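Numbering (full-length UniProt numbering), first residue to last: 1 to 701.
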């Protein structure tokens, strides 16, 4: 009897229903299941499971813009698994990401699984730690339909724009083109900057940097002006006029010495866009790479005996807000490890950008006690470098300012004024943790009324430079400052304009292509509101108002669509076909003898036979750099591009010769070991070096 009782008890245990939790990613599912314990089953939807169809508009314009959602192709097995698990579950919780997109996924899941949207089955956490996850399950809520409506409005608007303009571009220009609200603004910004560069006329100006001496101490100062007023040197005549007024035998008089204490405040912790910008500038990360590494840090990293832990808070945010608990932990860390003088009594309160949703905290470590060095062995290189950046930025934001002693010295002779600026770090403050130590430019002890000797002058000619092309960091900053897009949209937007070959990424900067300029010209002429920054920013604000229950999503879409549909109708009637003419290549097809032409393809220009489709001969367009292959001595070194659009150099005889290098060969050999020399781009110019590291030439500007 006893044995039978045990057996029946064990069977009952095996059939006990578990509570089902649905998250977005499998990595997150494993972490959360460990936190919740045996009574929970955590599975992943792997992102969206329903969306608008790709084959048609999928929006019923006549019926209040009702979207027609279908199951995403390829998600059949996932949907089948979700339904099967839901049938077995005691209760179901929807734990997708804590943003509009995540709320929308929860809503779609509730429809798919037949759940009541009024049930308290939605849980959201902004960091994946044991305490945060367990607290979230203590307070489940209903699905926030305002968030769902805001996301739905964005999706419908983007579909109306994309599926109205794109077919026009296909018909009038070429197949495979597309247009979208945010991507069109990004493209316009790049092209507008390119136009400014083309119009730019450089202006000449000069500087006079000089060396002075007082006693044995030497210091540098630069020409400031005449008669105590700032003056500019436009040409060499101006320079010679200034130098002609100086008496080489006479001393300069120190007319003013100003000493000040300057305080440099730390920056606020990261938002999504500032993280993307700084990672791009400091780590050279592309936006997609930054977001991928951040996603991994948020979802959880296995930390040995500690198990899987989310290392950062949610990575899609436009807020710099920090919780009281996190501030207290940071203060404790600073007191214990650096000293009380480094902990700010009142950390700076950040100003939110206009339109910021402030739905989440800033991006910060889930525990400041997990220093980068303490988790380094569990992270790959990209994860570690990004975590180090996030951790140090957050800790620095809770620290005291850096204090600099500054000194400004004015010198004068014959009414010619020079100025020297010096600074010295007095107290490092937040620089102890974040950023490199500021370089000291210490001036000697100078006193007003003293005399100083001019040792030498160094006049230098300069020319004003055109505005720089946008880097990824600069473009994201411009989009954010103009209120265009939101944190989650920047990475896919930049990816789209490159995939469509509207822009090229050259030297870590965006350059528009001929195709991009054609598309932009059409949108400028026929759909001016789409690239009107104020119009687009106002639309973003209305999406935020939908989230705050201040606007009805159907009304917002309708206000946009009524004038937009008239523009579409006008364009359909009046837009002429744009022919991208094939350029003669200057040589004949090696297969049929017909002339070869240069065609525009999805990934740029290429050679093709003019008899296409009867003859399908194509060739890549390669750029020779005028250097013979250092390996085979027969082929020419040509410029190529990797799959990630990075330039490298190889032999034209490939695959017969497998010579390849990332750095540009210069056609000379190293005088020390005979290895071929290459040209490296460095800050301030380029430098010819030997890859073996035992020879280098002076930097050329």
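For each residue, glycine too, the CB sits at the ideal point set by N, CA and C.
For clarity, every value in this text was computed on a predicted model and none was experimentally measured.
So, is residue i buried or exposed, given that buried needs 16 or more other C-beta atoms within 10 angstroms?
i: residue 528; result: exposed
i: residue 22; result: buried
i: residue 597; result: buried
i: residue 549; result: exposed
i: residue 28; result: buried
i: residue 358; result: Unreliable positioning characterises residue 358 in this predicted model, as indicated by a pLDDT of 41, which lies under 50. The coordinate reading is nonetheless provided below. With fewer than 16 Cβ atoms within 10 Å of its Cβ, residue 358 is classed as exposed.
i: residue 634; result: exposed
i: residue 542; result: buried
i: residue 356; result: Its pLDDT being 43, under 50, residue 356 is placed unreliably by the model, and nothing is read from it.
i: residue 351; result: Residue placement at residue 351 is poorly supported in this model, since its pLDDT is 48, which falls under 50; the coordinates still yield a value, given next. Classification for residue 351: exposed.
i: residue 705; result: Outside the modelled stretch of the chain, which goes from 1 to 701, sits residue 705, for which no answer is possible.
i: residue 230; result: exposed
i: residue 480; result: buried
i: residue 173; result: buried
i: residue 516; result: buried
Between which residues of its own chain and residue i is the CB-CB distance below 8 Å, once the five residues before and five after are set aside?
i: residue 611; result: 589, 592, 594
i: residue 50; result: 69, 70, 71, 72, 108, 111, 112
i: residue 695; result: 670, 671, 672, 673, 677, 689
With the cut-off set at 8 Å, would you say residue i and residue j are in Cβ contact?
i: residue 17; j: residue 87; result: no
i: residue 455; j: residue 392; result: no
i: residue 271; j: residue 476; result: no
i: residue 711; j: residue 509; result: Any question about residue 711 goes unanswered here, given that the chain covers just 1 to 701.
i: residue 491; j: residue 526; result: no
i: residue 105; j: residue 232; result: no
i: residue 704; j: residue 275; result: Lying outside 1 to 701, the shown extent of the chain, residue 704 is not represented and no answer is given.
i: residue 444; j: residue 219; result: yes
i: residue 297; j: residue 378; result: no
Does any C-beta atom of chain C lie closer than 8 Å to the C-beta of residue i?
i: residue 74; result: The chain inventory of the structure shown lacks chain C, comprising one protein chain alone.
Following the continuous beta strand (DSSP E) through residue i, name the residue where it begins and the one where it ends.
i: residue 451; result: 451-463
i: residue 419; result: 416-427
i: residue 225; result: 217-226
i: residue 204; result: 204-214
i: residue 649; result: 647-651
i: residue 588; result: 583-588
i: residue 402; result: 402-413
i: residue 505; result: 503-506
i: residue 709; result: Given a span of 1 to 701 for the chain in the structure shown, any question on residue 709 remains unanswerable.
i: residue 256; result: 252-264
i: residue 122; result: No beta strand (DSSP E) contains residue 122, which DSSP labels as neither H nor E.
i: residue 486; result: Careful: residue 486 lies outside any beta strand (DSSP E) and carries neither H nor E.
i: residue 512; result: 509-512
i: residue 47; result: Per DSSP, residue 47 belongs to no beta strand (DSSP E) and is neither H nor E.
i: residue 669; result: 664-669
i: residue 685; result: 685-689
i: residue 620; result: 618-620
Residues in its own chain within less than 7 Å of residue i by CB, not counting five upstream and five downstream?
i: residue 504; result: 511, 513
i: residue 412; result: 252, 253, 255
i: residue 234; result: 204, 205
i: residue 322; result: 269, 361, 362, 364
i: residue 181; result: 157, 158, 161, 530, 536
i: residue 681; result: none
i: residue 193; result: 467, 469, 470
Contact defined as beta carbons within less than 8 Å: I believe residue i pairs with residue j. What is the distance between those atoms, to the nearest angstrom?
i: residue 641; j: residue 621; result: Their Cβ separation, rounded to whole angstroms, is 11 Å, which puts residue 641 and residue 621 out of contact at 8 Å.
i: residue 310; j: residue 400; result: Actually they do not touch by this definition, with Cβ atoms about 29 Å apart.
i: residue 65; j: residue 557; result: 5 Å
i: residue 520; j: residue 188; result: 6 Å
i: residue 146; j: residue 540; result: Between residue 540 and residue 146 the Cβ distance is about 16 Å, and since that is not below 8 Å, they are no contact.
i: residue 196; j: residue 210; result: Actually they are not in contact, since the Cβ atoms of residue 196 and residue 210 sit about 35 Å apart, beyond 8 Å.
i: residue 667; j: residue 660; result: Actually they do not touch by this definition, with Cβ atoms about 17 Å apart.
i: residue 422; j: residue 403; result: Contact flag wrong, Cβ pair sits at about 15 Å.
i: residue 406; j: residue 262; result: 5 Å
Please list the terminal residues of the continuous alpha helix (DSSP H) segment that includes residue i.
i: residue 42; result: Here residue 42 belongs to no alpha helix (DSSP H); instead the beta strand (DSSP E) covers 40-44.
i: residue 293; result: 287-299
i: residue 536; result: 533-547
i: residue 554; result: 553-574
i: residue 624; result: Unbroken run through residue 624 is the beta strand (DSSP E), 623-628; no alpha helix (DSSP H).
i: residue 600; result: Not the alpha helix (DSSP H): residue 600 falls in the beta strand (DSSP E), residues 595-601.
i: residue 82; result: 76-88
i: residue 194; result: 181-199
Leaving out five residues on either side along the sequence, give the residues of the same chain with a beta carbon under 6 Å from the beta carbon of residue i.
i: residue 700; result: 685, 686
i: residue 100; result: 147, 150, 151
i: residue 343; result: 331, 334, 335
i: residue 31; result: 128, 300, 308
i: residue 302; result: 308
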